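Enquirer: In the numbering used here, the protein residues as written are 2 to 143. For every residue, glycine included, the Cβ atom is placed at its ideal position computed from N, Cα and C. Treat the numbers as computed from the prediction; the structure is a model and nothing was measured. What follows is a structure written as structure tokens; I'll ask about it next.
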Amino acid sequence: MAMGHVISATSRYTLPAKGRGHLIARAEVLLGQARDAYSAGRMGEAVEFAYQAALRTAGAWVADSSVGKRKRKPRGAWAQLELVGGEAVQWAQRFAADSARRSRLLSGIDHDPDREWVEALVTDAERFYANVAMDQMWGAAA
């Protein structure tokens, strides 16, 4: 007798296994965590989640471009995103500017990031994600 699969009511959405879809899905989860951390006053966590979401979003955009197909490309996500050109350059510069500040938080050199800066980072990561996710959705539909 074959047994059916039991799905728990508490099980979470399963992310795609790999590729652009996985990166976008992971970015969405990280943005939710960033917003939750911000709302709870955990600014350091909000920074990390938002920055990681932006990295995943950048990875999805690069993977969907001719840059992603190159054999030789820069190691950093922001440098790769700049190579995409157009609007990607501004997004790359925006998040690259926060890289050192994030590193200082992670290493413990800085503590208690400014709430306005964190809000701007989370909001920009959400806008970046929405822009890339929408483009990919329309690209997949075409």
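Helix, strand or coil for F129, going by three-state DSSP, please let me know.
Expert: helix
Enquirer: Only counting the same chain, and skipping five residues up and downstream in sequence, which positions put a Cβ closer than 7 angstroms to that of V1?
Expert: Limits of the chain in this structure are 2 at one end and 143 at the other, which puts residue 1 out of reach.
Enquirer: Let me know the secondary structure DSSP gives D99 once reduced to three states.
Expert: Here D99 sits in coil by DSSP.
Enquirer: Would you tell me roughly how many angstroms separate the C-alpha atoms of L16 and D111, rounded to the nearest one?
Expert: Note that L16 scores a pLDDT of 43, beneath 50, so its modelled location is shaky; the value from the coordinates is reported in the next line. Each residue's alpha carbon lies about 33 angstroms from the other.
Enquirer: What does the Cβ neighbour count give for R57, buried or exposed, with the cut at 16 atoms within 10 Å?
Expert: buried
Enquirer: Taking the beta carbon of E29 as the centre, do at least 16 other beta carbons fall within 10 Å, making it buried, or is it exposed?
Expert: buried
Enquirer: How is the alpha helix (DSSP H) around I25 delimited, first residue to last?
Expert: G20 to S40
Enquirer: Determine the direct distance from the alpha carbon of D65 to that of A97, and round the result to whole angstroms.
Expert: 20 angstroms
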